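Let me begin by presenting the structure, written as structure tokens, before commenting on it.
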Amino acid sequence: MSNVIIGIIGVILFIGLAIAGAVHLGPRFTGARTVSDAARIMAQLEQINAAIEARQQRTGEVLEGPNATVDQLVAEGYLKSAPINIFPGNSITIWANGNNAASTGPVVRINYRMDLTDRAKQICLEIERRAGFENPDTIENATYTQTHEAANPSRRPACIRNQNGNSYVVYKPVGDGF
Numbered sequence: 041m042s043n044v045i046i047g048i049i050g051v052i053l054f055i056g057l058a059i060a061g062a063v064h065l066g067p068r069f070t071g072a073r074t075v076s077d078a079a080r081i082m083a084q085l086e087q088i089n090a091a092i093e094a095r096q097q098r099t100g101e102v103l104e105g106p107n108a109t110v111d112q113l114v115a116e117g118y119l120k121s122a123p124i125n126i127f128p129g130n131s132i133t134i135w136a137n138g139n140n141a142a143s144t145g146p147v148v149r150i151n152y153r154m155d156l157t158d159r160a161k162q163i164c165l166e167i168e169r170r171a172g173f174e175n176p177d178t179i180e181n182a183t184y185t186q187t188h189e190a191a192n193p194s195r196r197p198a199c200i201r202n203q204n205g206n207s208y209v210v211y212k213p214v215g216d217g218f
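Shown next as structure tokens:
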């Protein structure tokens, strides 16, 4: 009988320690996931950027919108496969000059659309931190990518809340970065 009681006490202690550990260490694991997701998104954008530059070097032609797509880079052999957005139902698009994907002219940036969840906001803040924008208000106030881009001479990926306010968007100016 005493073995059963000792077993029950052991199980209760184990559960208690597990809960205490989760409460104490939970934010560290959540933060690590945010950093990992931000790094993954930035790497995907850099892959697309490298494919655009490789295409331009090989063909001598600048990739132009409005029909420039990630799938085009895959079909032409500059990417093995299209990067998968970690936010299901959201896209990765290549934009030419202007405010939308239908603009014409040379491509100027790659947009990685996320949703409007707290997870997306935390990833956005981490990407902003890496781009050198330490003020968290930047993502809420920089509604036009061009305005934000002008303040981003490093040409690193950066993140804003889009002007419609319905998602966060990570963007990477085409060209040198990181």
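In case it helps, the working numbering puts the sequence shown at residues 41 to 218.
Even for Gly, the Cβ is constructed at its ideal location relative to N, Cα and C.
Model, not experiment: these values are computed from the prediction.
Pull up the CB-CB distance for residue i and residue j, whole angstroms please, since I reckon it's below 8 Å.
i, j, result
"Y208", "A160", "5 Å"
Between the options, which lies nearest to residue i when the distance is taken from Cα to Cα?
i, options, result
"G117", "F173, N151, S131 and A94", "A94"
"E168", "T74, P146, P128 and G105", "T74"
"N125", "A115, S76, M154 and V102", "M154"
"G71", "I200, P197, R201 and L165", "L165"
"I81", "L103, V147 and I163", "I163"
"V148", "I59, R201 and L85", "L85"
"A79", "P197, S121 and A122", "P197"
Less than 8 Å between the beta carbons of residue i and residue j, yes or no?
i, j, result
"N206", "L156", "yes"
"Y152", "I132", "yes"
"E88", "L113", "Per the sequence presented here, residue 88 reads as Ile, with Glu not at that position. Yes, they are a contact pair."
"G145", "A136", "yes"
Using the beta-carbon count (16 or more within 10 Å), is residue i buried or exposed?
i, result
"G215", "exposed"
"R98", "exposed"
"A91", "buried"
"A171", "buried"
"A83", "exposed"
"G100", "exposed"
"D77", "buried"
"L119", "buried"
"I48", "exposed"
Report the partner residues of residue i according to the DSSP bridge assignment.
i, result
"K212", "I150"
"P136", "One detail in the question is off: residue 136 reads as Ala in this sequence, not Pro. V147."
"G105", "G145"
"I200", "V209"
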